[in-house]
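Numbering (the numbering used here), first residue to last: 525 to 807.
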């Protein structure tokens, strides 16, 4: 597959502090890539560099082969960006916010209502942003980011502080964009969200990538216990070694209709982060 994003040897400083520390990775076109880390880990700084809002001190980053710092207006029209400061005008309606950004792109307002409908805001199209709930505001920010049908969508913690129902709505919208062929670069401190959405992830700690790969592969790599936990219908808990010899015992439980639940012991991403960094994954 073609690479939508390439980062090589990237570092950046704020004063004496190195907030991005010699990182390298690539994102394949059409994938959802998750950059995971606690607040202050450097996630937003990296998005600012990738989108040309900030020039890195060292290394390089490319979007579809073009260096971020050399992107032109034409290149920017391939990007959709949803940051935590939204970029919405509070005194304008939902419709007029999208119309304004579409006019900046030099387009007509042909698909605004369709986009508002896709994020569940068509009935609120005349409502001012200041009167929206946080969840509705996030959905409008998402609508603004996808309005131009970007090839790459940057989402900076798009579900932070939202209730579970709204989070689920935004997840559906993210998957819909992926189905359209959009490459998605997602930052989050929500490990469950990353496991659910992402094809590949990078764990970022103090500016460094400490692990990279698919969520499932990373969890399997750190499965040190290699146990199988079985809860039987009689209330008994059984722990077996994750090896061939345990197969007969498991078969006996299954054949006897004794199994209530069965789980292997792969760790969560949060547990892995704690193992690699010695830090609790606080937000």
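Ideal Cβ positions, reconstructed from N, Cα and C, are used throughout, including at glycine.
Quick caveat: nothing in here was measured; it's all calculated off a predicted structure.
Residue 592 - DSSP class collapsed to helix/strand/coil
helix
Going by CA-CA distance only, name the one from 562, 571, 745 and 540 that's closest to residue 531.
Per the Cα distances, 571.
Nearest-angstrom Cα separation, counted from residue 773 out to residue 591:
57 Å
Exposed or buried, what is residue 785 when buried is set at 16 or more other beta-carbons lying within 10 Å of its beta-carbon?
exposed
Please look up how many angstroms separate the CB atoms of residue 675 and residue 629, rounded, as I've assumed it's under 8 Å.
With 8 Å as the limit, residue 675 and residue 629 do not qualify as a contact, their Cβ atoms being about 14 Å apart.
Over what stretch of residues does the alpha helix (DSSP H) that includes residue 808 continue unbroken?
For residue 808 there is no data in the structure shown, the boundaries of the chain being 525 and 807.
From this set, 624, 769, 752 and 777, which residue's C-alpha is nearest residue 758's C-alpha?
777
Contact belief for residue 465 with residue 680 at Cβ below 8 Å, rounded distance in angstroms
Nothing can be reported for residue 465, as the shown portion of the chain is limited to 525 through 807.
Range of the contiguous beta strand (DSSP E) that encloses residue 711
707-712
Would you call the CB atoms of residue 709 and residue 551 closer than 8 Å?
yes
Does the pairing of the region 711-722 with the region 551-567 give three or more beta-carbon distances under 8 Å?
yes
Relative to the C-alpha of residue 827, which residue among 794, 640 and 536 is closest?
A query on residue 827 cannot be resolved here, the shown segment of the chain reaching from 525 to 807 and no further.
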